[in-house]
Amino acid sequence: MTDKSETLAQIRAANNLDEIYPVLASLLATPGWHKKRPSLWKEPRTEYTPQHWSYEICAAAIDRAGQWISTELAERRNTLLFNPVGDNDYDTVRTLVAAYQMIKPGEYARAHRHSPNAMRLVLDATPGCYTVVDGVELPMTPGDFLLTPGGCWHSHYLGEDAESNAYWIDFLDVPLVHRLEPMFFEEHPDGYQPVDTRASEHDWYFPEAMTSRQLAEQSDANGWRRLTLDTQAHISTVEISYIGLDAGRTASFVRDTASRILAVTKGQGSARIGNREFTWKRGDVMAVPSWHDFRLSAGEDATVMEVSDMPVLRKLGLYRQA
Ligand SMILES: [Fe+2]
Numbered sequence: 013m014t015d016k017s018e019t020l021a022q023i024r025a026a027n028n029l030d031e032i033y034p035v036l037a038s039l040l041a042t043p044g045w046h047k048k049r050p051s052l053w054k055e056p057r058t059e060y061t062p063q064h065w066s067y068e069i070c071a072a073a074i075d076r077a078g079q080w081i082s083t084e085l086a087e088r089r090n091t092l093l094f095n096p097v098g099d100n101d102y103d104t105v106r107t108l109v110a111a112y113q114m115i116k117p118g119e120y121a122r123a124h125r126h127s128p129n130a131m132r133l134v135l136d137a138t139p140g141c142y143t144v145v146d147g148v149e150l151p152m153t154p155g156d157f158l159l160t161p162g163g164c165w166h167s168h169y170l171g172e173d174a175e176s177n178a179y180w181i182d183f184l185d186v187p188l189v190h191r192l193e194p195m196f197f198e199e200h201p202d203g204y205q206p207v208d209t210r211a212s213e214h215d216w217y218f219p220e221a222m223t224s225r226q227l228a229e230q231s232d233a234n235g236w237r238r239l240t241l242d243t244q245a246h247i248s249t250v251e252i253s254y255i256g257l258d259a260g261r262t263a264s265f266v267r268d269t270a271s272r273i274l275a276v277t278k279g280q281g282s283a284r285i286g287n288r289e290f291t292w293k294r295g296d297v298m299a300v301p302s303w304h305d306f307r308l309s310a311g312e313d314a315t316v317m318e319v320s321d322m323p324v325l326r327k328l329g330l331y332r333q334a
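Residue 76 in the working numbering sits at position 64 of the sequence shown, with consecutive numbering throughout.
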């Protein structure tokens, strides 16, 4: 008998359901009335948890590690901020990852390109720090925000005359690409990427002086305001906003289906995300998983960057607020 006729015979000879289940399992089929776990539930439930990371502590760890890890050894000398879900050691939230990165004076982080989109928020850098994106050299000074759209060659360097190390936060939609699977990555054949133009104004570059002025011009809502950056034409998977809070004020946000990473660019304060409470200061990062309400309170005038996957949810018709 062939395997197929044997299987058919087993099914036809079954005296009860329990004799059918192993046959179906051998066919990689599960009866819908007998599945191990539900596939539908009343409202979003995420395993990702609210988290907070200290820039001061992570920078100290990267500085110490930097004695032994050169940019030759590590493609990027960075520290990934992961959410403790199962064996995950990468995702910050379901769709996005954040990392602290450091380079030393005279170092060059090799050019590469990949399908995921990347962004940088500069925390500390002395003059001479640059990112090159597809031949366009963009400055990296404290508070600046830069785009590296998916598919663009990018490299970073810090001039050897710089006084101190440079630090920034990387944000990438790599976890989203992991889930959808269209990952492509390529190292530049020359390692080094030539500079074609030097730009201090560019669609990929949001200098601190510009965004802080634009944020201050936004209409006030009970002591806080929001500036959403014009980035959709270049990176369509994330929305980037600055939230500006006056000292002593609180901004509250309802639950929605977007996942978020928050990064503090100025000031200090406290946060409640879901049922967890944190205190934060400049450079710190927080994770707001989907379907978690959150509240930010400023102890002094503060600015918090919000990186969210809201555009993905909206495009797919899956965006919803509580
Ligand atoms: Fe990269």
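We treat Cβ as the ideally placed atom computed from N, Cα and C, and that holds for glycine.
Spatial neighbours of residue i in its chain, beta-carbon cut-off 6 Å, leaving aside the 5 residues before and after
i: Glu172; result: Pro117, Gly118
i: Ala275; result: Leu133, Ile181, Val297, Met317
i: Phe290; result: His64, Ala283
i: Phe4; result: The structure shown does not extend to residue 4, since the chain is modelled only from 13 to 334, so the question has no answer here.
i: Arg288; result: Pro62
Residue burial classification, residue i (beta-carbon count within 10 angstroms, cutoff 16)
i: Met317; result: buried
i: His46; result: exposed
i: Thr269; result: buried
i: Leu257; result: buried
i: Asp321; result: buried
i: Thr209; result: exposed
i: Leu308; result: buried
i: Gly329; result: exposed
i: Pro219; result: buried
i: Ile273; result: buried
i: Ala263; result: buried
i: Gly98; result: exposed
i: Gly162; result: buried
i: Ile23; result: exposed
Same chain only: Cβ atoms within 7 Å of residue i, ignoring 5 sequence neighbours per side
i: His304; result: Pro62, Arg267, Ile285, Gly286
i: Asp103; result: Phe94, Asn95, Val109, Pro187
i: Arg88; result: Gln113, Ala121
i: Ser248; result: Pro323
i: Ser66; result: Asp296
Distance between residue j and residue i (C-alpha atoms, nearest Å)
i: Thr83; j: Val109; result: 20 Å
i: Asp136; j: Ala211; result: 20 Å
i: Ala71; j: His64; result: 14 Å
i: Val207; j: Leu150; result: 10 Å
i: Val105; j: Tyr204; result: 32 Å
i: Thr107; j: Ser271; result: 7 Å
i: Glu193; j: Val324; result: 15 Å
i: Val35; j: Arg326; result: 42 Å
i: Ala37; j: Asn27; result: 17 Å
i: Val319; j: Ser253; result: 7 Å
i: Trp292; j: Ala314; result: 10 Å
i: Ala178; j: Leu170; result: 7 Å
i: Arg49; j: Arg238; result: 41 Å
i: Arg191; j: Pro128; result: 12 Å
i: Tyr33; j: Leu40; result: 10 Å
i: Leu227; j: Gly279; result: 15 Å
i: Gly281; j: Ser224; result: 19 Å
i: Leu85; j: Gly78; result: 10 Å
i: Leu43; j: Arg332; result: Before going further, note that residue 43 is Pro rather than Leu in the sequence given. Cα to Cα, Pro43 sits roughly 32 Å from Arg332.
i: Asp202; j: Trp80; result: 25 Å
i: Cys141; j: Ala174; result: 8 Å
i: Lys16; j: Leu29; result: 20 Å
i: Glu18; j: Arg57; result: 43 Å
i: Leu92; j: Glu68; result: 15 Å
i: Met152; j: Ala221; result: 12 Å
i: Gly147; j: Val189; result: 25 Å
i: Thr143; j: Ser231; result: 33 Å
i: Asn100; j: Ala25; result: 45 Å
i: Glu31; j: Ile255; result: 60 Å
Beta-carbon proximity list for residue i, same chain, < 8 Å, skipping 5 on both sides
i: Asn90; result: Ile74, Ala111, Tyr112, Gln113, Met114, Asp182
i: Gln244; result: Glu251, Pro323
i: Tyr60; result: Asn95, Val97, Asp103, Val105, Arg106, Ser271, Ala299, Pro301, Ser302
i: Arg261; result: Asn234, Gly235, Trp236, Ser309, Ala310
i: Ala334; result: Val266, Arg267, Asp268, Trp303, Asp305
Beta-carbon proximity check, residue i vs residue j, cutoff 8 Å
i: Ala259; j: Gly295; result: no
i: Leu133; j: Thr277; result: yes
i: His246; j: Phe197; result: no
i: Thr240; j: Glu251; result: yes
i: Ser176; j: Thr138; result: yes
i: Thr160; j: Met131; result: yes
i: His200; j: Trp165; result: yes
i: Val145; j: Trp216; result: yes
When you compare the region 120-128 with the region 298-315, are there three or more beta-carbon pairs, one atom per stretch, that lie closer than 8 Å? Too few Cβ pairs lie closer than 8 Å, so no.
Say whether the region 49-59 touches the region 154-166, bearing in mind that this needs 3 or more beta-carbon pairs closer than 8 Å, one atom from each stretch. These segments do not touch.
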